[in-house]
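At position 55 of the sequence shown the residue is numbered 55 (full-length UniProt numbering), and the sequence of numbers has no breaks.
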Amino acid sequence: MPREIGEKVVSTNRKARHDYLIEETYEAGMVLSGTEVKSLRAGRASLVDGYAFIENGEIWLDAVHIQEYVAGTWTNHPPRRKRKLLMHKQEIIKISHKTKEGGYTLVPLRLYFKNGKAKVEIAVAKGKKEYDKRQTLRERQDKRESDRAISARKNLGD
1 MPREIGEKVV STNRKARHDY LIEETYEAGM VLSGTEVKSL RAGRASLVDG YAFIENGEIW
61 LDAVHIQEYV AGTWTNHPPR RKRKLLMHKQ EIIKISHKTK EGGYTLVPLR LYFKNGKAKV
121 EIAVAKGKKE YDKRQTLRER QDKRESDRAI SARKNLGD
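Structure representation (C-alpha coordinates):
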(Lines of atoms letter the chains of each structure in order from A; the text may use other names.)
(Lines give C-alpha, C1' and ligand atoms only; values in the text may rest on other atoms or scores of the structure.)
Protein backbone atom coordinates (compact mmCIF):
# COMPACT_ATOMS: atom_id res chain seq x y z
CA MET A 1 0.00 0.00 0.00
CA PRO A 2 1.54 3.35 -1.01
CA ARG A 3 2.14 5.88 1.70
CA GLU A 4 0.48 8.64 -0.31
CA ILE A 5 -2.60 8.28 -2.46
CA GLY A 6 -3.35 10.66 -5.32
CA GLU A 7 -1.24 13.33 -6.96
CA LYS A 8 0.94 15.98 -5.34
CA VAL A 9 2.39 18.46 -7.83
CA VAL A 10 5.92 19.55 -6.97
CA SER A 11 6.74 21.88 -9.85
CA THR A 12 5.22 23.04 -13.14
CA ASN A 13 6.78 24.60 -16.21
CA ARG A 14 4.30 27.36 -17.05
CA LYS A 15 6.69 28.98 -19.52
CA ALA A 16 6.68 25.85 -21.69
CA ARG A 17 3.05 26.32 -22.70
CA HIS A 18 3.87 29.89 -23.71
CA ASP A 19 7.01 29.05 -25.70
CA TYR A 20 5.91 25.77 -27.29
CA LEU A 21 2.94 24.28 -29.08
CA ILE A 22 2.24 21.03 -27.19
CA GLU A 23 1.55 18.05 -29.49
CA GLU A 24 1.47 15.01 -27.16
CA THR A 25 2.15 14.42 -23.47
CA TYR A 26 3.62 11.36 -21.77
CA GLU A 27 4.08 10.29 -18.16
CA ALA A 28 7.46 8.89 -17.15
CA GLY A 29 8.98 7.62 -13.94
CA MET A 30 12.32 8.95 -12.75
CA VAL A 31 15.46 7.27 -11.43
CA LEU A 32 16.38 9.33 -8.35
CA SER A 33 18.72 9.10 -5.39
CA GLY A 34 17.42 9.25 -1.81
CA THR A 35 18.28 12.90 -1.18
CA GLU A 36 16.62 13.92 -4.46
CA VAL A 37 13.36 12.31 -3.37
CA LYS A 38 13.50 14.06 0.01
CA SER A 39 14.19 17.38 -1.65
CA LEU A 40 11.27 16.85 -4.06
CA ARG A 41 8.93 16.02 -1.19
CA ALA A 42 9.90 19.38 0.29
CA GLY A 43 8.89 20.99 -3.03
CA ARG A 44 12.35 22.18 -4.06
CA ALA A 45 12.55 21.78 -7.84
CA SER A 46 12.56 23.91 -10.96
CA LEU A 47 11.76 22.80 -14.51
CA VAL A 48 12.42 26.13 -16.22
CA ASP A 49 15.57 25.22 -18.19
CA GLY A 50 14.87 21.49 -18.39
CA TYR A 51 14.71 19.39 -21.51
CA ALA A 52 14.66 15.70 -22.40
CA PHE A 53 16.54 13.78 -25.07
CA ILE A 54 16.91 10.25 -26.37
CA GLU A 55 20.32 8.57 -26.32
CA ASN A 56 21.03 4.90 -27.11
CA GLY A 57 17.35 3.95 -26.85
CA GLU A 58 16.99 5.53 -23.40
CA ILE A 59 15.28 8.78 -22.51
CA TRP A 60 17.07 11.29 -20.25
CA LEU A 61 16.02 14.45 -18.45
CA ASP A 62 18.67 17.16 -18.23
CA ALA A 63 19.08 20.64 -16.70
CA VAL A 64 16.22 20.18 -14.22
CA HIS A 65 17.24 21.80 -10.94
CA ILE A 66 16.49 19.80 -7.78
CA GLN A 67 18.04 21.62 -4.83
CA GLU A 68 20.38 19.79 -2.51
CA TYR A 69 18.67 18.29 0.53
CA VAL A 70 19.16 20.61 3.52
CA ALA A 71 19.82 17.82 6.02
CA GLY A 72 21.98 15.84 3.55
CA THR A 73 25.64 15.17 4.19
CA TRP A 74 28.31 13.81 1.84
CA THR A 75 25.58 11.69 0.20
CA ASN A 76 23.91 14.77 -1.31
CA HIS A 77 23.27 14.87 -5.05
CA PRO A 78 24.41 17.44 -7.63
CA PRO A 79 21.48 19.83 -8.31
CA ARG A 80 21.64 19.68 -12.13
CA ARG A 81 22.46 16.23 -13.38
CA LYS A 82 21.20 13.90 -16.09
CA ARG A 83 18.34 11.76 -14.80
CA LYS A 84 17.10 8.65 -16.52
CA LEU A 85 13.39 8.45 -17.27
CA LEU A 86 11.45 5.20 -17.20
CA MET A 87 9.13 4.60 -20.14
CA HIS A 88 8.03 1.69 -22.31
CA LYS A 89 10.28 0.94 -25.26
CA GLN A 90 7.43 1.46 -27.76
CA GLU A 91 6.76 4.93 -26.37
CA ILE A 92 10.45 5.87 -26.62
CA ILE A 93 10.58 4.68 -30.24
CA LYS A 94 7.42 6.65 -31.07
CA ILE A 95 8.85 9.78 -29.45
CA SER A 96 12.21 9.40 -31.19
CA HIS A 97 10.53 9.15 -34.61
CA LYS A 98 8.53 12.29 -33.84
CA THR A 99 11.58 14.30 -32.70
CA LYS A 100 13.65 13.21 -35.72
CA GLU A 101 11.02 14.73 -38.04
CA GLY A 102 12.49 18.13 -37.26
CA GLY A 103 11.27 21.10 -35.29
CA TYR A 104 10.12 18.98 -32.36
CA THR A 105 11.66 18.81 -28.91
CA LEU A 106 10.93 17.14 -25.57
CA VAL A 107 9.94 19.53 -22.78
CA PRO A 108 9.08 18.66 -19.16
CA LEU A 109 5.73 20.16 -18.16
CA ARG A 110 5.34 19.15 -14.53
CA LEU A 111 7.00 17.14 -11.80
CA TYR A 112 4.73 15.35 -9.32
CA PHE A 113 4.22 12.40 -7.02
CA LYS A 114 1.58 9.86 -8.04
CA ASN A 115 0.76 7.30 -5.36
CA GLY A 116 4.14 7.92 -3.74
CA LYS A 117 6.21 7.57 -6.95
CA ALA A 118 8.03 10.52 -8.55
CA LYS A 119 6.78 11.18 -12.08
CA VAL A 120 7.45 13.74 -14.76
CA GLU A 121 5.09 14.74 -17.55
CA ILE A 122 7.02 15.36 -20.77
CA ALA A 123 5.62 16.74 -23.99
CA VAL A 124 6.54 16.49 -27.64
CA ALA A 125 6.43 20.16 -28.55
CA LYS A 126 7.15 22.48 -31.43
CA GLY A 127 8.62 25.93 -30.78
CA LYS A 128 6.35 28.91 -31.33
CA LYS A 129 7.42 31.91 -33.37
CA GLU A 130 7.20 35.37 -31.83
CA TYR A 131 4.03 36.26 -33.76
CA ASP A 132 2.38 33.00 -32.56
CA LYS A 133 3.06 34.02 -28.96
CA ARG A 134 1.55 37.46 -29.54
CA GLN A 135 -1.48 35.89 -31.24
CA THR A 136 -2.02 33.55 -28.27
CA LEU A 137 -1.82 36.45 -25.81
CA ARG A 138 -4.24 38.49 -27.92
CA GLU A 139 -6.75 35.60 -28.07
CA ARG A 140 -6.52 35.11 -24.32
CA GLN A 141 -7.09 38.83 -23.70
CA ASP A 142 -10.07 38.91 -26.09
CA LYS A 143 -11.63 35.90 -24.38
CA ARG A 144 -11.15 37.50 -20.96
CA GLU A 145 -12.80 40.75 -22.14
CA SER A 146 -15.76 38.90 -23.67
CA ASP A 147 -16.24 36.87 -20.47
CA ARG A 148 -16.23 40.11 -18.45
CA ALA A 149 -18.80 41.67 -20.78
CA ILE A 150 -21.05 38.60 -20.54
CA SER A 151 -20.85 38.49 -16.74
CA ALA A 152 -21.52 42.26 -16.52
CA ARG A 153 -24.53 41.81 -18.77
CA LYS A 154 -25.84 38.98 -16.58
CA ASN A 155 -25.41 41.08 -13.43
CA LEU A 156 -27.38 43.96 -14.99
CA GLY A 157 -30.20 41.62 -15.98
CA ASP A 158 -30.77 40.35 -12.41
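Backbone N, C-alpha and C fix where the C-beta goes; we use that ideal spot for every residue, glycine too. For clarity, every value in this text was computed on a predicted model and none was experimentally measured.
In the DSSP assignment, what residue or residues form a beta bridge with residue i?
| i | result |
| --- | --- |
| residue 145 | DSSP, once it has assigned bridges, lists no residue as partnering residue 145. |
| residue 26 | 122 |
| residue 7 | 114 |
| residue 160 | This structure gives no information on residue 160, because the portion of the chain shown stretches from 1 to 158. |
| residue 52 | 61 and 106 |
| residue 20 | 127 |
| residue 12 | 110 |
| residue 66 | 45 |
Would you please state the rounded distance, in angstroms, between the beta carbons of residue i and residue j? I believe it to be under 8 Å.
| i | j | result |
| --- | --- | --- |
| residue 109 | residue 12 | 7 Å |
| residue 92 | residue 57 | 7 Å |
| residue 38 | residue 69 | 5 Å |
| residue 127 | residue 49 | Not a contact, Cβ separation roughly 15 Å. |
| residue 99 | residue 59 | No, residue 99 and residue 59 are not in contact; Cβ-Cβ is about 10 Å, not under 8 Å. |
Decide if residue i is buried, meaning its Cβ has at least 16 other Cβ atoms within 10 Å, or exposed.
| i | result |
| --- | --- |
| residue 6 | exposed |
| residue 103 | exposed |
| residue 101 | exposed |
Touch check for the region 9-25 and the region 107-123: three-plus C-beta pairs under 8 Å?
Segment contact: the region 9-25 against the region 107-123, three or more CB-CB distances shorter than 8 Å; contact assigned.
As an exercise, report each continuous beta strand (DSSP E) stretch of at least 3 residues that is fully enclosed by the region 81-127, in chain order.
Counting only runs of 3+ residues, the beta strand (DSSP E) found wholly inside the region 81-127 occupies 83-86, 104-114 and 117-127, in chain order.
Counting pairs of Cβ atoms below 8 Å between the region 27-37 and the region 86-93, do you hit three or more?
As far as the Cβ criterion goes, the region 27-37 touches the region 86-93, which means the pair count is three or higher.
Could you tell me whether the region 30-40 touches the region 128-136, using the rule of 3 or more Cβ pairs below 8 Å?
The region 30-40, when compared against the region 128-136, does not touch it at the 8 Å Cβ threshold.
At least 3 beta-carbon pairs within less than 8 Å: the region 137-145 vs the region 40-48
The answer is no - the region 40-48 does not touch the region 137-145, with fewer than three Cβ pairs under 8 Å.
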